[in-house]
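Colleague:
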Amino acid sequence: MLTLEESHVDARRFTSNSKSIEFGPWHISYDISCILPSVCSTKVVCERNDDQFCQFCVYCKELTIPHFPDMVFPKNILTLTHNNGAKISFNPLDALKLVACTTEAIEVSCAEAWQVARPDATKKKRNFDWTFSTDYKGTLTDNISIEPTDEKINYELLKQKDQILFYHDLTLFEDELHDHGISKLSVKIRVMPSYWFVLLRYFLRVDDVMVRSHETRMFHMSNTNYVIREYTAKESKAEDIQIPASQMKEADDVIPILPVREKTLHKLIVYSDSSCSS
Ligand SMILES: [Zn+2]
Numbered sequence: 029m030l031t032l033e034e035s036h037v038d039a040r041r042f043t044s045n046s047k048s049i050e051f052g053p054w055h056i057s058y059d060i061s062c063i064l065p066s067v068c069s070t071k072v073v074c075e076r077n078d079d080q081f082c083q084f085c086v087y088c089k090e091l092t093i094p095h096f097p098d099m100v101f102p103k104n105i106l107t108l109t110h111n112n113g114a115k116i117s118f119n120p121l122d123a124l125k126l127v128a129c130t131t132e133a134i135e136v137s138c139a140e141a142w143q144v145a146r147p148d149a150t151k152k153k154r155n156f157d158w159t160f161s162t163d164y165k166g167t168l169t170d171n172i173s174i175e176p177t178d179e180k181i182n183y184e185l186l187k188q189k190d191q192i193l194f195y196h197d198l199t200l201f202e203d204e205l206h207d208h209g210i211s212k213l214s215v216k217i218r219v220m221p222s223y224w225f226v227l228l229r230y231f232l233r234v235d236d237v238m239v240r241s242h243e244t245r246m247f248h249m250s251n252t253n254y255v256i257r258e259y260t261a262k263e264s265k266a267e268d269i270q271i272p273a274s275q276m277k278e279a280d281d282v283i284p285i286l287p288v289r290e291k292t293l294h295k296l297i298v299y300s301d302s303s304c305s306s
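Converting from the sequence shown to this note's numbering requires adding 28 to each position, the first position being numbered 1.
In structure tokens:
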């Protein structure tokens, strides 16, 4: 009986809402769900160790970092599936797999405060990037080929005020760095009559220390067989940003003025058939 009750509670906690739209050969959908619990929610099930695990235990098994962000939304996932089987998805688990877990993890002024606030974080466990910085660019299936390109995203088209067919902004994870700033990964999808556009953004602000952004934009025009992927990494020390600290709070305000550290453009070839049927 206990097992039944627990699984019922667990199912309710992870009740997710899905929404989707068809765009030519693409099926675009997102799930939204609740926060990752901080402990195992179905010990009876997970201790059997037979590949049936709660979300918390899945995260513990898959990730090497000793702590997760305060808020992880394990089933907040955006998926774009082409009818040939190619799939592009954005999920917090794959993003957190790319958080550095080495002794070279960055040290900044509030590391000590962070340590004090988490008494369970031993000195040994401190050897990971507690800002959860990730250069995740989405998860692609193997049948998508990635090529460098000079073709840019059509920003003029993005600015045009067409009808928005589908829009959502999903938070994948967020941590307030013990009130010393913010570390957040989110993804937005916008589907318009002639294209779809995705912005995956990792934003880090360590108050009075630094600001960093890692942004991946994906742009797909209808009747083409590829997606343009633009990745931009920006970073600055707080002292080098010529705006008041109060204006550094919002990612949209501060990212445009940050210096670019890295920028790459790729074409994701979804299928090689030249007679596009989309
Ligand atoms: Zn568990």
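Using N, Cα and C, we set each Cβ at its ideal position, and we do this for glycine too.
Counting pairs of beta carbons, one from the stretch 190 to 207 and one from the stretch 92 to 101, are three or more of them closer than 8 Å?
Modeller: Touching, per the Cβ criterion.
Colleague: Leaving aside the five residues before and after Lys180 along the sequence, list all residues of the same chain whose C-beta is less than 8 Å from its C-beta, in chain order.
Modeller: Here the set comprises Ile256, Glu258, Leu293.
Colleague: Exposed or buried, which one is His36 when buried takes at least 16 other CB atoms within 10 Å?
Modeller: In this prediction, His36 scores a pLDDT of 39, lower than 50, which makes its location untrustworthy; the coordinate-derived value is nonetheless stated afterwards. His36 comes out exposed.
Colleague: Quick one: what's Val73 bridged to in DSSP?
Modeller: Answer is none; Val73 lacks a bridge partner.
Colleague: Collect the residues with a C-beta less than 5 Å away from any heavy atom of ligand 1 and give them in sequence order along the chain.
Modeller: After applying the 5 Å Cβ criterion, the set is Cys68, Cys74, Cys82, Cys85.
Colleague: Which residues share a DSSP beta bridge with Ala261?
Modeller: For Ala261, which the question treats as bridged, DSSP gives the partners His242, Glu290.
Colleague: Out of Pro221, Cys85, Ile63, which has the shortest C-alpha to C-alpha gap to Thr70?
Modeller: Considering only alpha carbons, the answer is Cys85.
Colleague: Determine the direct distance from the alpha carbon of Tyr254 to that of Asp177, and round the result to whole angstroms.
Modeller: The question names Asp, but residue 177 in the sequence shown is Thr. Rounded to the nearest angstrom, the two C-alpha atoms are 11 Å apart.
Colleague: Use the C-beta contact count for Arg245: other C-beta atoms within 10 angstroms, 16 or more gives buried, fewer gives exposed.
Modeller: It is buried - the Cβ of Arg245 has at least 16 other Cβ atoms within 10 Å.
Colleague: Which one or two residues does DSSP pair with Pro176 in a beta bridge?
Modeller: Answer is His294, bridged to Pro176.
Colleague: Short check: CB of Ile217 to CB of Leu106, under 8 Å?
Modeller: Yes, they are a contact pair.
Colleague: Inspect the CB distances between the stretch 108 to 127 and the stretch 164 to 176 and report whether three or more fall short of 8 Å.
Modeller: Yes: the two stretches touch, three or more of their Cβ pairs being nearer than 8 Å.
Colleague: Which runs of the alpha helix (DSSP H) spanning at least 4 residues fall entirely within the stretch 193 to 247, listed in chain order?
Modeller: None, since the stretch 193 to 247 contains no complete alpha helix (DSSP H) of that length.
Colleague: In its own chain, which residues sit with a C-beta less than 7 Å from the C-beta of Ser222, not counting the 5 before and 5 after it?
Modeller: So the list reads Met249, Ser250, once near-sequence residues are dropped.
Colleague: Can you name the start and end residues of the beta strand (DSSP E) that Asp163 belongs to?
Modeller: Run containing Asp163: none; DSSP gives neither H nor E here.
Colleague: Just to confirm my understanding: we take Arg289, look at its own chain, exclude 5 residues before and 5 after, and list those with CB closer than 7 Å. What are they?
Modeller: For Arg289, where only same-chain residues beyond five positions count, the Cβ hits under 7 Å are Ala261, Lys262, Glu263.
Colleague: Leaving out five residues before and five after Lys89 in sequence, what residues of the same chain have Cβ atoms less than 8 Å from its Cβ?
Modeller: Hits under 8 Å: Phe81.
Colleague: Using three-state DSSP, classify Phe84 as helix, strand or coil.
Modeller: Phe84 falls in the helix class under three-state DSSP.
Colleague: Quick check: Val215 and Ile56, are their CB atoms within less than 8 Å of each other?
Modeller: It is not a contact, given that the beta carbons lie outside the stated cut-off.
Colleague: Please report how far the alpha carbon of Asp235 lies from the alpha carbon of Pro287, in whole angstroms.
Modeller: Going by the C-alpha atoms only, they are around 18 Å apart.
Colleague: Look at the Cβ atom of Pro94, then the Cβ atom of Pro120, and state whether they are nearer than 8 Å.
Modeller: The answer is no: Cβ separation not under 8 Å.
Colleague: Could you give the C-beta distance for Ser61 and Asn104, rounded to a whole number, given that I count them as a contact under 8 Å?
Modeller: Indeed they touch by this definition, with Cβ atoms about 6 Å apart.
Colleague: Quick one: what does DSSP say Leu346 is sitting in, helix, strand or coil?
Modeller: The question about residue 346 has no answer here: the residues shown for the chain are numbered 29 through 306.
Colleague: Given a threshold of 16 other Cβ atoms within 10 Å of its Cβ, counted over all protein chains shown, does Ala273 qualify as buried or as exposed?
Modeller: Classification of Ala273: exposed, given that the 10 Å Cβ count is below 16.
Colleague: Let's see if you can read the secondary structure: which residues bound the beta strand (DSSP E) around Lys115?
Modeller: That run of the beta strand (DSSP E) goes 115 to 118.
Colleague: I need the straight-line Cα distance from Val237 to Arg229, nearest angstrom please.
Modeller: Going by the C-alpha atoms only, they are around 20 Å apart.
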